[in-house]
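Chains as they are written, first to last, in my numbering: chain A, 17 to 240; chain B, 1108 to 1398.
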Amino acid sequence: MIKIQDLTKKFPDGTIALSDINLQIADGEFVFIVGPSGAGKTTLFKLLNREYLPGSGSIIFDDKDLSKLKSKEIVNHRRSLGMIFQDLKLLVNKTVFENIAVSLEVLGKKDKEIKEKVLESLNKVDLVGHVWMFPAQLSGGELQRVAIARAIVSSPKYLFADEPTGNVDPATAWSIIKLLGDINKSGTTVLVATHNAEAVDVLEKRVVRLEDGRIVKDKKGKYR
Amino acid sequence: MIKKLFTSLRRSPYQTVAAVVIIFISFFVATVYLLSAMTAQRILNELASRPQVIVFLKDDAKTEDVDGLKKSINDQFKIKDMKYLSKDDALTRYKEQNKNDQLLLELVNANILPASLEVSAVNASDLEKIYTLSKASPAVSDAVYQQEETKDLLSWVNSIRISGVVLVGFLLLESILVLLIIFALKITIRREEIEVMRLVGASFWQIRAPFILEGMFYGFLAGVFSFGLGYYFNVVLHINPLGVIPALANYAIPFDLTALNLAIWGLAEIAGAVAIGFIGSYLAVWRYLKD
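What follows is the structure, given as structure tokens:
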């Protein structure tokens, strides 16, 4: 369960990225976060990942207030999440395998288990044949799927995807959204920030709309 | 982590070589100076065991005059050792010292050599007074003391110690700074990877330990090379670094080290180099990988 109460985030330059956000996300839920660029979607994800601290208000993850976590607890919190970053954050000098394995290496898993889980994860995103390739050898859609594979390889309780369908063609975008839906069906709580109205409309999941850092809509259904 | 260490070494061979070479130079110079300081100490010990003032007695010296001189020296100064050498004792020693030169042995007999008193004082500053007192005695034909030689050697030894400490200290500092720069570069190059590791939940030490381990490994390699070369020069080639100083060349025989001493030397050198690798990499990590 994620509980966001009276959350406000103001940057040192005076920009108010988020204001008075109240949101509750139940375990196993699928939520689209939509809104124009600069609405505060990425800031919200960075707050959920504890990259940022709230200016005021609180974010409670399973009864733990993210603002009060100690260093070791922040590490454990991040390990419980799967993050698909807007800029993907794939390492260009590492193979697909190495990029995905990093999520398991930080958990201290043994080589054999890492190999099994990475292949299993790549199988889910249909990229097993690309395991020894480098990011430069992959298409935009394939890169997105590698990022998804890295995010799900450790079977996280929460999966946050920031614009996972950006810069890919409609068919690939749809396959990515479908994949995230399948991950959600296995019990993972999924939050997806997107501009892809079509995908939102087809899935008809809960939609939280942000505009100028405020929630202007929060209900199940369509993009608009 | 070990696998990652070797991957990192393989991917940045020039940085590896630079780091190992700089630590190696520091420790090899330290080895040279350590051997020099040990040799110098051995020379000083040898000098301390020798008589510092030799008082040559007249052939017709009266026993009571000789006894009086011995008593005066004993009463007025702190004496470590005073030995009477008769003419026969002097001849025996002469024969021992020149046993390989038949001509010198044939030319000398006990009558030529004077009896003497060999005096070692506790304080070097008493040597001149003992010398003056002895010269004034009617039983004494001549006296010599090796204050100048001792002073020269002491001055050499002190110079070696001071220059050694300064140079080795400077080189160690330089090693640490070079490591700091190398690891700062490595951290900068791997900044994206470090960021990803942080975001997926790597702990404080999972991010930092590989750098520190790498620094310690550089130190280990440098320590092994430095000890190996020191061993080769001292044990295999039998070269003592002080042999290059003309005044000390005769004393600078190589050390005959026991297996235990060699082990202590090797371990100390490797541990020291590993410590330098640790300090250099830790400082870089502390400075450039803040939370």
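Ideal Cβ placement from N, Cα and C applies to all residues, glycine included. Predicted, not measured: the structure shown is a model, and the values here were computed from it.
If you look at A/V50, you'll find it isn't in any alpha helix (DSSP H); it sits in the beta strand (DSSP E) that goes 46-50. Secondary structure of B/Y1252 (DSSP, three-state): strand.
The C-beta distance from B/G1387 to B/L1287 rounds to 6 angstroms, short enough to fall under 8 angstroms. Around B/G1308, the beta-carbon contacts reaching into chain A at under 9 angstroms are I90, V91, N92, H93, R94, R95, S96, L97, S119, V122, L123, S170. Of all residues in the stretch 1312-1345 of chain B, those with a C-beta nearer than 7 angstroms to a C-beta of chain A are Q1313, reading in chain order. Between the stretch 20-27 of chain A and the stretch 71-80 of chain A, the count of Cβ pairs shorter than 8 angstroms is three or higher; the stretches touch. Any Cβ of chain B closer than 9 angstroms to the Cβ of A/S87 would place that residue at the interface, and such an atom is present. Following the DSSP letters along the chain, one finds A/K88 inside the alpha helix (DSSP H) bounded by residues 87-95. Unbroken beta strand (DSSP E) runs of no fewer than 3 residues, entirely contained in the stretch 55-126 of chain A, are found at 72-77, 97-100, following chain order. At a cut-off of 9 angstroms between C-beta atoms, B/R1394 does not count as an interface residue with respect to chain A. Secondary structure note for B/R1315: its alpha helix (DSSP H) is the uninterrupted segment 1311-1338. With respect to chain B, the C-beta atom of A/F113 has no partner C-beta closer than 9 angstroms. Within the same chain, D217 come within 6 angstroms of A/K238 by CB-CB distance, once the 5 residues on both sides are set aside. Around the beta carbon of B/Y1389, 16 or more other beta carbons lie within 10 angstroms, which makes this residue buried. Leaving aside the five residues that flank B/A1125 on each side, the residues in its chain whose CB is nearer than 8 angstroms to its CB run, in chain order, V1285, I1289. Runs of the alpha helix (DSSP H) lying entirely within the stretch 1185-1209 of chain B, each at least 4 residues long, are 1194-1204 in chain order. Counting along the chain, A/Q160 sits inside the alpha helix (DSSP H) bounded by residues 156-168. In the displayed model, B/S1133 falls within a helix according to three-state DSSP. In this structure, the beta-carbon distance from B/V1392 to A/S119 does not fall below 9 angstroms.
Only exposed fits B/I1371, as fewer than 16 other CB atoms lie within 10 angstroms of its CB. Proximity of the stretch 1361-1370 of chain B to the stretch 1315-1329 of chain B falls short of the contact definition, fewer than three beta-carbon pairs being nearer than 8 angstroms. Under the Cβ criterion of 9 angstroms, A/K110 is counted among the residues facing chain B. Taking all protein chains shown into account, B/Q1159 has 16 or more neighbouring C-beta atoms within 10 Å of its C-beta and is therefore buried. Just so you know, the alpha carbons of B/E1171 and B/K1185 end up roughly 22 angstroms apart. The criterion of a C-beta distance shorter than 9 angstroms is satisfied by A/F46 and A/R222. Across the structure, A/T59 and A/H93 are spaced so that their CA atoms are roughly 17 angstroms apart.
Close to A/K233, with beta-carbon spacing below 7 angstroms, lies no residue of chain B; the smallest spacing is near 29 angstroms. Chain-ordered, the chain B residues with CB closer than 8 angstroms to the CB of A/K105 read E1299, E1302, V1303, L1306. A/R240 has a beta carbon lying at 9 angstroms or more from every beta carbon in chain B.
Sixteen is the threshold: when 16 or more other Cβ atoms of the shown chains lie within 10 Å of the Cβ of B/M1323, as they do, the residue is buried.
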